[in-house]
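These protein sequence lines are chains A and B, in that order. For the first sequence, counting from 1, position 422 maps to 408 in our numbering; every step adds exactly one. One gets our numbering by counting positions in the second sequence from 1 and adding 5 to each. Worksheet for the structure shown next.
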Amino acid sequence: MKTGVYFCNCGTNISDKIDSEKIREEILKLPGEIRFRTIDFMCSEDGKEALEKDLKENGMERAVITACSPRDHENTFMRVLSKAGLNPYLMQMVSVREQVAWVTEEREKATEKALRYTNAALKRLALQDPLEHKEIDICPDVLVIGAGPAGLKAALSIAESGRKVVIVEKTPVIGGMPVRYEELFPNMECGPCMLEPVLGDVLHGEHSGNIELLTISEVMDVVGSYGNFIVKIRRNPRYVDADKCIGCAECMTPCPVSAKNEFNYGLDERKAIYLPFAGALPNAPSIDNAICLRAKGRDCRLCKDACPVEDAIIYDDAESIIERNVGAILVAVGAGVYDCKKIPNLGYGSMPDVYTSSEFERILASNGPTEGEVKTAQGKRPKSVAIIHCAGSLDENHKEYCSGICCQYAFKFNHLVGKKLPGTKIYHFYKELSFPGKEEFTLYHHAKEDRNTAFVRYRDMKDLKVEKKGAKKAVTYKDASGKKGSAPADMLILCPAVVPAEGSGSLGNILEATHDKFGFFEELHGRMDSAQSKIKGIYLAGACQSPMDIQKAMSQGMAAAGYILSGLVAGRKLEIKPITAVVDADRCSGCRVCMSVCPYKAISYDTEKEVSSVNEVLCQGCGTCVAACPAGAVKGNHFTTDEIFAEIEGVLA
Amino acid sequence: MKNQKPETKRKKPEDKKRSASGGAKSKSSKPAVNGDFEPKIVGFLCNWCSYAGADKAGTSQVKYPPNVNVVKVMCSGRVDPQFVMKAFEKGADGVIILACHPGDCHYKEGNYKAAQRHRMLLKLLGQFGIEKERCRFDYVSAGEGDKFVKVIKDTVDTIREMGPMKKTKKSTSERTE
């Protein structure tokens, strides 16, 4: 085996401290065919050329590069080896600049240390295997789960690039939460109007042909990995052909049965064939089979008779399981709100006129249960409204985190209540106030300057109690300074903590994506990679990752789209780096310790053969499983136990 | 080499063991009991934090003793207890394992695995008659060039004071047989 040791002088950076002649002398005494050569500035064009030429002309088979840190130029020299016709993994770099020359006082000691390192590198190199980058075909198409702002924004951008996108939405409508809100902070824009361009483009835009929208659908199963997922989706029947339906709503009036409308939080009723709210998109109703008379065996045809379009209503529509092949999955399932019944002193669920913010948004909306009118259960206009901030947030008994969006909508409510019902007294009970950003402060300032608005800071949720005083309600409190008081409250609006959406746990199990301690989907890195999950190829956007507002959700959707578009390109193969773990099936006893330590879920277990195997697309090459395997059956490519043993012996020789 | 002055050395580690239970503090105040002894130490550094921290010390050109010989692994989670045993077997007087700080691991949690294994390893080392102070685990981030230097200096001082690895009776007798 002919091995070249190439010593970079790095100007005088290395040669000043390390005696290359001494190194030459010593290593040439070692067994094997070793060639030693110094090169000035090996990373320069001339240096690289000299290295390549020397490797070729002398028929070198392996190379030790004694130079700077591999973090600087390992890739550079690996490319030179490739150009010289050598496998780039038959190289070992020795960091004699950063870790010897620059940090060692005496030249003699530095030379000795460099010699030990070179010796270790030679010993290790002799054992190194040539490794090849593998390439696999990928599918550039994408699955987006959740048709809220984050999911749609991403889906549209990906579709615009010519990729196919499958959107799976649990409900019959798209647009997520903001389309249910009449006005949005901070600029009081109309929610549905603001989102309309995105929704319109998804449904009927130039690139909508690339988007397959599956409403009332759920992801059932996912197999495969980054680049090649196979997704099973259950498509529940809508009983209405959304393409044929003209959205006239004629079918809804004659329907004889109704149920509470969950889109208005049960504050009003809807028919069995229904649109969740006026203006919901896609503009086609759906039939709720749980209450439809036909599902109970009755031959009711009133909706179909009223429908002016032939075959728009399909009574025999049925559930179907469909399969799609995608390369990446974006989770954008949004969030929910904390169950305020868990804070009984606030009276939610036990007293009338106590609403959560989501409910109040619908009350404010002109297409909501009261058509935008704010009135008490007795039909009266409230004279006083209490808004309880931090209901469950910043609270170790409930949720420790700040939900981030509540202050802003609370001051939006302040503005809207003041506009709809001038003169109404509004009390804000808050623990902390938070509205960072260049636009977000305005509504707060309006509230602060409003004569009818009062602020009470409380320390602990226990210091507030909603009580009935005769026919009226009041919030009795102890404020942050310890002062006790009471404020009338004909109506209460609670700002509940933002919590993970219902079902995000089971979706996480299907995707094998992890959750954080609060149950939100866990990001790869909180600041650097919040749009990626810990599973390669599964991305996150919007409030499923953390409480966030529309702006952040949209940006995160685009960030995820960026990852997907740059990572998966049609016609380009996915390159797999060879520094991964490999299980030797003959030695594997099937104990599965490796699976329990793998942070990437890259190891799977073959129940038939009773052995584990590593998915090299998912494996990131950390080697934790290699160290954990009690049978020594897992090999860590390029960092094998033998290679490291050789290196240890080398530095200690 | 390790067997030089076996009688005097044998006591040293025991003394040190008691005094150093809280860490290596007394290094500079107790100069050079074994001043001429140059300990051989193997350092297992993870690629992303600690190796980068060593590079940082390098680019800052801060000088530190040359006794620690770095063996790079991709993740501290790769450090198999066998590596440490091999290092002692091959004549190391000390071993250090440096990892990313908790929560910073490039591979998410390899450093936690490394920390757990280190705790187990200390128990095992005791059974081989190797003082636990000879095997140190610490966290060094990519930005902590200064800390890297401090850890290296501390470790070298500690091991220097402890003296060379003593041979257990068994291994010496095996060797003589």
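Ideal Cβ positions, reconstructed from N, Cα and C, are used throughout, including at glycine.
Identity of the residue in the options nearest residue i by Cα
i	options	result
residue 185 of chain A	A:266, A:552 and A:29	A:266
residue 108 of chain B	B:157, B:100, B:118 and B:138	B:118
residue 439 of chain A	A:475, A:243 and A:74	A:475
residue -3 of chain A	A:542, A:573 and A:53	A:53
residue 634 of chain A	A:111, A:228 and A:550	A:111
residue 390 of chain A	A:470, A:377, A:338 and A:109	A:377
residue 344 of chain A	A:22, A:594, A:372 and A:392	A:392
residue 286 of chain A	A:371, A:402, A:237 and A:306	A:237
residue 50 of chain A	A:81, A:173 and A:-9	A:-9
Within 7 Å, strictly: CB atoms of residue i and residue j
i	j	result
residue 271 of chain A	residue 261 of chain A	yes
residue 603 of chain A	residue 567 of chain A	no
residue 140 of chain A	residue 556 of chain A	no
residue 640 of chain A	residue 398 of chain A	What the structure shows of chain A is the stretch from -13 to 639, and residue 640 of chain A is not part of that stretch, so it cannot be assessed.
residue 138 of chain A	residue 313 of chain A	no
residue 89 of chain B	residue 126 of chain B	yes
residue 258 of chain A	residue 353 of chain A	no
residue 46 of chain A	residue -6 of chain A	no
residue 113 of chain A	residue 515 of chain A	no
residue 227 of chain A	residue 300 of chain A	yes
residue 108 of chain A	residue 45 of chain B	no
residue 184 of chain B	residue 140 of chain B	Residue 184 of chain B is absent from the structure shown; chain B starts at 6 and stops at 182.
residue 430 of chain A	residue 421 of chain A	yes
residue 362 of chain A	residue 368 of chain A	yes
Cβ of residue i within 7 Å of any chain A Cβ
i	result
residue 162 of chain B	no
residue 121 of chain B	no
residue 184 of chain B	Limits of chain B in this structure are 6 at one end and 182 at the other, which puts residue 184 of chain B out of reach.
residue 147 of chain B	no
residue 3 of chain B	The structure shown does not extend to residue 3 of chain B, since chain B is modelled only from 6 through 182, so no value can be given for it.
residue 105 of chain B	no
residue 112 of chain B	yes
residue 32 of chain B	Because residue 32 of chain B carries a pLDDT of 43, less than 50, the predicted location of this residue cannot be relied on, and no value is offered for it.
residue 78 of chain B	yes
residue 96 of chain B	yes
residue 1 of chain B	Residue 1 of chain B falls outside the range modelled here, since chain B spans only 6 to 182, and no answer is possible.
residue 166 of chain B	no
residue 35 of chain B	Interpretation of residue 35 of chain B is limited by its pLDDT of 45, a score under 50 that renders its predicted location unreliable; the figure taken from the coordinates is listed afterwards. Not one chain A Cβ lies under 7 Å of residue 35 of chain B.
residue 85 of chain B	yes
residue 60 of chain B	yes
Any C-beta of chain B under 7 Å from that of residue i
i	result
residue 539 of chain A	no
residue 584 of chain A	no
residue 97 of chain A	no
residue 85 of chain A	yes
residue 608 of chain A	yes
residue 613 of chain A	yes
residue 55 of chain A	yes
residue -9 of chain A	no
residue 635 of chain A	yes
residue 89 of chain A	yes
residue 111 of chain A	no
residue 631 of chain A	yes
Bridge-paired residues (DSSP) for residue i
i	result
residue 135 of chain A	Residue 135 of chain A is not bridged to any residue.
residue 244 of chain A	A:257
residue 411 of chain A	A:370
residue 564 of chain A	Looking at the DSSP assignment, residue 564 of chain A forms no beta bridge with any residue, so it has no partner.
residue 110 of chain A	According to DSSP, residue 110 of chain A bridges with nothing at all.
residue 507 of chain A	A:501
residue 140 of chain B	B:100
residue 598 of chain A	A:591
residue 314 of chain A	A:128
Handout entry: Segment contact flag, the segment 494 to 511 of chain A with the segment 521 to 534 of chain A, C-beta cutoff 8 Å, min 3 pairs
Key = These segments touch.
Practice task
Spell out a yes or no on whether the segment 47 to 59 of chain B and the segment 64 to 74 of chain A are touching, meaning 3 or more CB-CB pairs, one atom from each, closer than 8 Å.
Solution key: The way I'd put it, the segment 47 to 59 of chain B doesn't touch the segment 64 to 74 of chain A; fewer than three beta-carbon pairs between them come closer than 8 Å.
Exercise for the section: Would you be able to state if there are at least three C-beta pairs under 8 Å between the segment 94 to 101 of chain A and the segment 54 to 67 of chain A? Expected result: Verdict: no, contact absent.
Handout entry: Inter-stretch contact (C-beta, 8 Å, three-pair minimum) for the segment 179 to 199 of chain A and the segment 289 to 300 of chain A
Key = no
Exercise for the section: Would you check if the segment 155 to 170 of chain A and the segment 126 to 138 of chain A touch, i.e. whether three or more CB-CB distances between them fall below 8 Å? Expected result: They touch, by the three-pair rule.
Problem - At least 3 beta-carbon pairs within less than 8 Å: the segment 79 to 93 of chain B vs the segment 611 to 621 of chain A - result: Below 8 Å, enough C-beta pairs join the segment 79 to 93 of chain B and the segment 611 to 621 of chain A to call them touching: three or more.
Problem - Touching by the beta-carbon criterion (3+ pairs, under 8 Å), the segment 214 to 222 of chain A and the segment 241 to 249 of chain A - result: no
Problem - contact_flag[the segment 320 to 340 of chain A, the segment 569 to 576 of chain A] where n(CB pairs < 8 Å) is 3 or more - result: No contact exists between the segment 320 to 340 of chain A and the segment 569 to 576 of chain A.
Problem - Inter-stretch contact (C-beta, 8 Å, three-pair minimum) for the segment 414 to 421 of chain A and the segment 357 to 377 of chain A - result: yes
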